[in-house]
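Trainee:
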Amino acid sequence: MVLALLILVPAVGGLASFFVTQLFLRRTLLVLTAITNALLTAFCWFVRPEPILNGWISLDSAGLLFMTVSGILFLTASVYAIGYLAKEPKEQQDSDEGFFFKNTPENIFIACLQLFLSAMSLVCLSQHFGLLWVAIEATTLASAPLIYFHRHHRSLEATWKYVLICSVGIGLALLGTLILTVSASAIHNNLMISELMDNSQLINPQWLKAAFLLFLVGYGTKMGLAPLHTWLPAAHSESPSLVSALLSGALLNCSFLGILRIHQVCVYSGQSDFSCRLLIFFGIFSMAVAAIFIIAQKDFKRMLAYSSVEHMGILSLGVGLGGTGVFASMYHLVNHSMTKGMLFLAAGNIIAYYKTRTSTDVKGLLKRARATGILWVAGLFAIAGFPPFGLFVSEFTIFKTAFDQGHFFICTIFLFLLAIIFAGMAYVMLKMAQGENPDGIEKESPLMVVPPIILGIITLILGLHIPGFLNDILNEISIIFGAL
Amino acid sequence: MNIADTIMIFLILTNLSLLASSRLNACIKMVALQGILVGLLPLIAVKGPLTIYSYLLALLIIAVKGVIFPYLLKYTLRSVDVRREIEPFIGYGASIIIGVIALIISFWLSMHIPFPEKILSNSAPAVSFFTIFCGLFLIVSRVKALTQVMGYIVFENGIYIFGSALFIEQSFLVELGIILDVFVVVFIMGIMMFHISRAFDHIDTDKLGEAKSRDE
Numbered sequence: 046m047v048l049a050l051l052i053l054v055p056a057v058g059g060l061a062s063f064f065v066t067q068l069f070l071r072r073t074l075l076v077l078t079a080i081t082n083a084l085l086t087a088f089c090w091f092v093r094p095e096p097i098l099n100g101w102i103s104l105d106s107a108g109l110l111f112m113t114v115s116g117i118l119f120l121t122a123s124v125y126a127i128g129y130l131a132k133e134p135k136e137q138q139d140s141d142e143g144f145f146f147k148n149t150p151e152n153i154f155i156a157c158l159q160l161f162l163s164a165m166s167l168v169c170l171s172q173h174f175g176l177l178w179v180a181i182e183a184t185t186l187a188s189a190p191l192i193y194f195h196r197h198h199r200s201l202e203a204t205w206k207y208v209l210i211c212s213v214g215i216g217l218a219l220l221g222t223l224i225l226t227v228s229a230s231a232i233h234n235n236l237m238i239s240e241l242m243d244n245s246q247l248i249n250p251q252w253l254k255a256a257f258l259l260f261l262v263g264y265g266t267k268m269g270l271a272p273l274h275t276w277l278p279a280a281h282s283e284s285p286s287l288v289s290a291l292l293s294g295a296l297l298n299c300s301f302l303g304i305l306r307i308h309q310v311c312v313y314s315g316q317s318d319f320s321c322r323l324l325i326f327f328g329i330f331s332m333a334v335a336a337i338f339i340i341a342q343k344d345f346k347r348m349l350a351y352s353s354v355e356h357m358g359i360l361s362l363g364v365g366l367g368g369t370g371v372f373a374s375m376y377h378l379v380n381h382s383m384t385k386g387m388l389f390l391a392a393g394n395i396i397a398y399y400k401t402r403t404s405t406d407v408k409g410l411l412k413r414a415r416a417t418g419i420l421w422v423a424g425l426f427a428i429a430g431f432p433p434f435g436l437f438v439s440e441f442t443i444f445k446t447a448f449d450q451g452h453f454f455i456c457t458i459f460l461f462l463l464a465i466i467f468a469g470m471a472y473v474m475l476k477m478a479q480g481e482n483p484d485g486i487e488k489e490s491p492l493m494v495v496p497p498i499i500l501g502i503i504t505l506i507l508g509l510h511i512p513g514f515l516n517d518i519l520n521e522i523s524i525i526f527g528a529l
Numbered sequence: 454m455n456i457a458d459t460i461m462i463f464l465i466l467t468n469l470s471l472l473a474s475s476r477l478n479a480c481i482k483m484v485a486l487q488g489i490l491v492g493l494l495p496l497i498a499v500k501g502p503l504t505i506y507s508y509l510l511a512l513l514i515i516a517v518k519g520v521i522f523p524y525l526l527k528y529t530l531r532s533v534d535v536r537r538e539i540e541p542f543i544g545y546g547a548s549i550i551i552g553v554i555a556l557i558i559s560f561w562l563s564m565h566i567p568f569p570e571k572i573l574s575n576s577a578p579a580v581s582f583f584t585i586f587c588g589l590f591l592i593v594s595r596v597k598a599l600t601q602v603m604g605y606i607v608f609e610n611g612i613y614i615f616g617s618a619l620f621i622e623q624s625f626l627v628e629l630g631i632i633l634d635v636f637v638v639v640f641i642m643g644i645m646m647f648h649i650s651r652a653f654d655h656i657d658t659d660k661l662g663e664a665k666s667r668d669e
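Line by line, the protein sequences are chains A and B. Position one of the first sequence corresponds to residue 46 (the working numbering), numbered consecutively onward. Position one of the second sequence corresponds to residue 454 (the working numbering), numbered consecutively onward.
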C-alpha cells in the first residue's frame, strides 16, 4: 500500500498539474507532493512495507537509502522552485549570445518534475530487471522536458544529446537484460533479483559477464561514467539549476542502482572479480576525464557537472574495491547528493543575480550576496573532501580500503586526481567569491537560500557523526553488495 | 525454407536499403516494413502454443512500429520540409560496403557464440546483431535528426529480434512497458525535431551547437 502510494502520488500529482491553471495552486501541489513523498519515505524507516505485485515492487535497504536521498533533494528543490519560478520573467535575454527566449509553460515543468519523482521511486522499488529497465527509461523521458526549460538552441542541443545518448545507452542495457535472461535460463522467473540470488549457482558465467558488461555500459551512460558521459556537461549547464541538482543528486544515483543490482547478481554467483575490476577501471577513468576537463572550465555549471562525473567515478571505485569500500561508497553517495544539490542551488542564485554562467564575469559574491557566497565557498570545501564535511570521511575510507588491499597505484592516482580537481575548482570558485562588488547588495529570497543551507547542514552533520540508523542501513547494503 | 528464415532475409534487405538510401520518404517506408516484419516475430518465436498475449503483442508491435512510427515520421518530415539526407558523414556507397562487412562479421560472431539449444533460425542471432549495428551506424553517420530517430527505431528492432531469436519470453507487462517507452521516446524526439526546425530552419544535428561549446 505504502509502496503503491510512493509511486502513484507523484504520478497523479504530475498528471493533475498539467491541467491546473491557477499558478499558486500548481506550485502548492508540487510542494505538497514533495512533502507527502518525504513523509511516506520517513514512514518506511520505521515500518518496512510489504512487497506488492508478487514481489516485483519491494523495498530493500538499498532502495530505502536511495529513496531517502532523492526525497530530501526533491523536497528542497521544490521549495527552491517556488522562489525560482517566481523570479523567472516571461521573456528574457540570453547572457552569452544576446537573443531573446521564452520558457516552457510552467504546468509542463511542474508536471514533469513530479512524474520524474514517480519514475525515480519506481527505479528504487523495482526488484525485477525488466521493470527496472522500464523505470530507468521513464526517468529519461520525464526529465527531458525539464532540461528544455529555457527554450533556445543550446538547451535544445543539450536535450537532443541527452535523449539520444541516454536512450541508446539504456537500449544496450535492455540487450543486457535479455542476455541476463539467457544466462539464467535454468531458473524459473529469472529476472527477479531474489530468484537470481537464491539460485545463483545455476547462472551461466559467460553470459552473465556479457550481461554485466552491457549493463555497465548501458546504465553507465545514464550514470555519467566516462567515456559515456558526453551528454552530462551540456545537460547540466543548460537546464535550470534545480533540475541540475536533481539530475546530479538523484538521477545519477538511480542509474547507479541499476549497475549495483547486476553487480549484486555477479557477487552472488562468484563473478565478482570480473565486475569489480571493470568498476574500478571505469571509476578511475571517470575521475581522470573529469580532472582534465575541470581545469580552466569557464562555465561554472559545467564545472559542477564534471565534478559529478568525478564523484560517480569515486562511487564506482568504492564499490569495485569491495569490503569497507562499499560502505564508504554508499556514504559518499548520500553526502555527494547533499553537497552537489547545495552547490547547484547556490549556482542558481548566482545566475539569478549576475545573469551569466561564465565564472570570470562573476566577482565579489561574498559581498554582493552574503548567504550564497558562504554557501559557495563552503560548498567548494565540502565537494573537495575537506573535513568536517561528510565527503572527507567517505573518500578517506575508500583510500584506506585501497591501501589495505595493496592497490598502491590506485591510491596514488586517486589522491593525485583529487588534488588536481580541488586545485581546478578552488581557482575558479574562490575568484568568484572574492573581489570587489561594484553593484549593490542583493536581497536574497529565503526560499532560494534556506533549501541549500539545509542540505549543507545535513552534510556537515554527517561529516561529524554517522547516525545509528544510517550506520545500520549502510551495513546492510554493504553485506548485500559484496563486503563478504 | 521456413517462414523464420524468410523474415530474416527480408530484415537484412530492409537494413541494407536503409543504409543505401538518401530519400527520407523511402527510408520511412523501409522502417515501416521492418516494423511489420518484427511484429510477425511474436507469432513464430514461441516455445509453447500461441496465447492471446502473442496475438496482442504482434498486433501492438505492428500498430506501433508499422503504422504509428511511420506516420509520426512522415508528419515531422512534412512540417520540417526536408526531402533528402545530403552529405552524410559517411557516403552511401561506403555505407553499403560497411554494412555488408558488418553482416559478414555478425554471421561469424553468431557462429562462434555458444547459444543455448533452441534458436529461432540459424541466421536469427546474426540478423539481430546486424540490425543493432545498422541502427547505431545510422545514428552515428547521418546528419539529419530524422535519420537518427530512424536509427534508434532500427536499433530497438534489433534488440527485439535478439530476444525473439533466443526464444526469450518476457512477461507481457514488461513487453508492454518496453513498447510504451520506445513509443514515448520517438514521440518526444518528434516534438524536439519540430522545435529544432523552428529554432534553426534545418534539422542538421551537426550544426546544433552553432555557438561553439566551451571545451569541446
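We put the CB at the ideal spot given by N, CA and C, even for glycine. Values in this document were obtained by computation on a predicted structure and should not be read as measured data.
#1: Taking 9 Å as the threshold (beta carbon to beta carbon), is A598/B in contact with chain A?
#2: Does the region 167-175 of chain A come close enough to the region 138-147 of chain A to have 3 or more Cβ pairs within less than 8 Å?
#3: Identify whether F260/A lies in helix, strand or coil by the three-state DSSP scheme.
#4: Given T467/B, which residues of its chain have a CB within under 6 Å of its CB, disregarding the five upstream and five downstream residues?
#5: With a threshold of 9 Å between beta-carbons, can D634/B be considered close to chain A, or not?
#6: Express the C-alpha separation of G100/A and V47/A in angstroms, rounding to a whole number.
#7: Grouping DSSP H, G and I as helix and E and B as strand, with all else coil, what is F64/A?
#8: What is the residue span of the alpha helix (DSSP H) that Q309/A lies within?
#9: Check whether chain B comes within 9 Å of A189/A, counting only Cβ atoms and requiring the distance to be less than that.
#10: Considering N249/A, what are the terminal residues of the beta strand (DSSP E) in which it resides?
#11: Closer than 8 Å by C-beta to F647/B: which residues in its own chain qualify, once you throw out the five before and the five after it? Chain order, please.
#12: For G58/A, tell me which candidate among R322/A, K254/A, I337/A, A164/A has the shortest Cα-Cα distance.
#13: Excluding the 5 residues preceding and the 5 following A256/A in the sequence, name in chain order all residues of the same chain whose CB lies nearer than 7 Å to its CB.
#14: When you check each C-beta in the region 617-634 of chain B against every C-beta of chain A, which residues fall closer than 7 Å?
#15: Would you call the region 459-473 of chain B in contact with the region 536-555 of chain B, where contact means no fewer than 3 C-beta pairs closer than 8 Å?
#16: Restricting to runs no shorter than 3 residues, where is the beta strand (DSSP E) found entirely within the region 142-171 of chain A?
#17: For the 8 Å Cβ check, are there 3 or more pairs between the region 231-245 of chain A and the region 352-368 of chain A?
#18: With distances taken from CA atoms, which of Y125/A, L51/A, A126/A is nearest P96/A?
#19: Would V179/A pass as an interface residue toward chain B - the criterion being a Cβ-Cβ separation below 9 Å?
#20: In three-state terms, what does DSSP make of E440/A?
#21: Nearest-angstrom Cα distance between Y193/A and A336/A?
#22: Given a threshold of 16 other Cβ atoms within 10 Å of its Cβ, counted over all protein chains shown, does E182/A qualify as buried or as exposed?
#23: Contact criterion: CB-CB distance below 9 Å. Does Y193/A meet it with respect to chain B?
#24: Within this structure, are the beta carbons of I443/A and S352/A separated by less than 9 Å?
#25: For Y508/B and chain A, any beta-carbon pair shorter than 9 Å?
#26: Which residue wins for smallest C-alpha separation from E487/A, given the options H452/A, L53/A, G116/A, A416/A?
#27: So with CB distances below 7 Å, who are the chain A contacts of L464/B?
#28: Pairs of beta-carbons, one from the region 123-134 of chain A and one from the region 480-496 of chain A, closer than 8 Å: are there three or more?
#29: By the criterion of Cβ-Cβ separation under 8 Å, what are the contact partners of E283/A in chain B?
#30: Helix, strand or coil for K597/B per DSSP?
#31: Please list the partners that H565/B has in chain A, where partner means a Cβ-to-Cβ separation under 8 Å.
#32: Quick one: what's E622/B bridged to in DSSP?
#33: Closer than 8 Å, Cβ to any Cβ of chain A: which residues of the region 471-487 of chain B, in chain order?
#34: For the region 503-521 of chain A against the region 141-148 of chain A, do three or more pairs of beta-carbon atoms, one drawn from each stretch, fall closer than 8 Å, so that the two count as touching?
#35: Please tell me whether R196/A has its Cβ less than 9 Å away from any Cβ of chain B.
#36: Tell me, please, which residues DSSP counts as bridged to H195/A.
Mentor: By the coordinates alone:
#1: yes
#2: no
#3: helix
#4: M483, L486, Q487
#5: yes
#6: 14 Å
#7: helix
#8: 297-313
#9: yes
#10: Unbroken run through N249/A: none, as it is neither H nor E.
#11: T529, S532, V533
#12: A164/A
#13: G221, I224, L225, S228, I307
#14: L619, I621, Q623, S624, V627, G630, I631, D634
#15: yes
#16: 145-148
#17: no
#18: L51/A
#19: yes
#20: helix
#21: 28 Å
#22: buried
#23: yes
#24: no
#25: no
#26: A416/A
#27: None at all; the shortest Cβ gap to chain A is about 17 Å.
#28: yes
#29: Per Cβ cutoff of 8 Å: no residues; E283/A is ~10 Å from chain B at best.
#30: strand
#31: By Cβ distance, chain A contributes nothing, its closest Cβ being about 12 Å from H565/B, past 8 Å.
#32: Bridge partners of E622/B: none, in fact.
#33: none
#34: no
#35: yes
#36: N148/A
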